[in-house]
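What follows is one structure encoded as structure tokens, with my remarks underneath.
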Amino acid sequence: MQHLSSTYILITIAPALAICWYVFHKDRYEKEPVWLVILAFCLGILSVFPAVIGSLIGGKLFSVSGNFINTGLYAFLVVALSEELAKFFFLRYVVFKRREFNEPYDGIVYAMMIGMGFAAFENVLYLSQDGIGVVLFRMITAIPAHAIFAVSMGYHVGLAKFDLTHRDELMGKGLIYPVLLHGTYDFLLMQQNIPALSAFAFIGLYFCIKNVRYILEQSNNQSPFKMP
1 MQHLSSTYIL
11 ITIAPALAIC
21 WYVFHKDRYE
31 KEPVWLVILA
41 FCLGILSVFP
51 AVIGSLIGGK
61 LFSVSGNFIN
71 TGLYAFLVVA
81 LSEELAKFFF
91 LRYVVFKRRE
101 FNEPYDGIVY
111 AMMIGMGFAA
121 FENVLYLSQD
131 GIGVVLFRMI
141 TAIPAHAIFA
151 VSMGYHVGLA
161 KFDLTHRDEL
171 MGKGLIYPVL
181 LHGTYDFLLM
191 QQNIPALSAF
201 AFIGLYFCIK
211 NVRYILEQSN
221 NQSPFKMP
């Protein structure tokens with residue numbers, strides 16, 4: 001295990017904190033209480049543990065290999081489902097019920113805090129095992145990817161809070177869409193049959209990032225606090 005200096009840890013978590021700050025300050029109409037935002041971030045850290053347990057159990061059934069199907073099952077059902085379900089659980093059953101969650105954009109704020117808490121702690125674990133080189137690469141790949149998954153989850157859960165008619169459908173999308181995005185991203189990187197396919201993971205990430213500002217704007221525009 002690598003020695004963890006405070007400087008390296010700060011570098012490791014800085015991108016996640018920067019993304020949290022960006023999304024928090026894009027909330028135009030009613031800022032969330034700082035204590036609840038910090039709690040959501042801590043819940044994201046906590047969500048790493050059930051996700052790891054799920055991955056360990058699932059890893060006994062499926063594994064990454066030269067087989068496309070096995071790799072796909074591992075990427076979608078083991079890694080993506082375990083991680084996104086853990087994050088979704090805390091968003092849905094802890095934060096969602098809070099009275100401070102009172103506009104659609106709040107879904108994105110809290111999902112992002114949970115997602116970045118997860119990504120930051122995961123990056124620290126990678127730092128301890130693989131060193132700063134791997135972490136620097138993940139800062140521009142895995143952490144933005146987790147942010148994309150969080151936007152997708154938070155957008156739909158935020159809508160579900162205020163749309164009782166379609167709540168179950170929106171909640172389902174809030175879990176399924178991030179799992180599909182996450183699974184596709186991981187599969188493209190994990191599969192070994194066609195190395196060139198890995199490039200599509202980063203191309204897809206680029207185009208998703210380009211759409212984030214639009215999604216944030218759309219969610220903000222649905223705030224009940226927006227002046228007519």
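1 is the number of the first residue of the sequence shown in our numbering; add one for each residue after it. Heads up, the beta-carbon is just placed ideally off N, CA and C, and yes, glycines get one too.
Specify, as a first and last residue, the run of the alpha helix (DSSP H) that Gln192 falls within.
For the purposes of this step, residue 192 is taken as the residue at position 192 of the sequence shown. No alpha helix (DSSP H) holds Gln192; DSSP gives it neither H nor E.
Out of curiosity, what's the CA-to-CA distance linking Leu77 and Tyr126?
By one-based count along the sequence shown, residue 77 stands at place 77. By one-based count along the sequence shown, residue 126 stands at place 126. Looking at the two C-alpha atoms, the distance is approximately 22 Å.
Is the stretch 211-226 touching the stretch 113-120, taking contact as three or more C-beta pairs under 8 Å?
Cβ pair count under 8 Å is below three, so no.
State buried or exposed for Arg99, treating a residue as buried only when at least 16 other CB atoms are found within 10 Å of its CB.
Here residue 99 is taken as the residue at index 99 of the sequence shown, counted from 1. Arg99 should be labelled exposed.
Could you pull out every residue in the same chain whose Cβ sits closer than 7 Å to the Cβ of Ala145, ignoring the five residues on either side in sequence?
Walking along the sequence shown from the start, residue 145 turns up at place 145. Excluding sequence neighbours, Ala145 sits near Tyr185 and Leu205.
Label Gln192 either buried or exposed according to how many other C-beta atoms from any shown protein chain fall within 10 Å of its C-beta, with 16 as the threshold for buried.
As a first step, residue 192 must be located in the sequence shown, where it is residue number 192. Classification for Gln192: exposed.
State the DSSP-derived secondary structure class of Val64, mapped to helix, strand or coil.
Taking the sequence shown and counting its residues from 1, one reaches residue 64 at position 64. It is coil, neither helix nor strand.
Using the rule of at least 16 other Cβ atoms within 10 Å of the residue's Cβ for burial, across every protein chain shown, is Thr7 buried or exposed?
Along the sequence shown, read from residue 1 onward, the residue named residue 7 stands at position 7. Exposed.
Helix, strand or coil, according to DSSP, for Ile209 in the structure here?
Here the question's residue 209 lines up with position 209 in the sequence shown. Residue state, collapsed to three classes: helix.
Can the beta-carbon of Gly107 be found less than 8 Å from the beta-carbon of Val179?
Here residue 107 is taken as the residue at index 107 of the sequence shown, counted from 1. Here residue 179 is taken as the residue at index 179 of the sequence shown, counted from 1. No, the pair does not count as a contact, with Cβ atoms beyond the cut-off.
Hey, how far is the Cα of Leu197 from the Cα of Lys226?
In the sequence shown, residue 197 corresponds to position 197, counting from 1. In the sequence shown, residue 226 corresponds to position 226, counting from 1. Straight-line Cα distance between these residues: approximately 44 Å.
If we call anything under 8 Å between Cβ atoms a contact, is Met190 one with Thr71?
Translated into positions along the sequence shown, residue 190 becomes position 190. Translated into positions along the sequence shown, residue 71 becomes position 71. It is a contact, given that the beta carbons lie within the stated cut-off.
Considering Thr12, what are the terminal residues of the alpha helix (DSSP H) in which it resides?
Along the sequence shown, read from residue 1 onward, the residue named residue 12 stands at position 12. From DSSP, the alpha helix (DSSP H) with Thr12 extends over Ser6 to His25.
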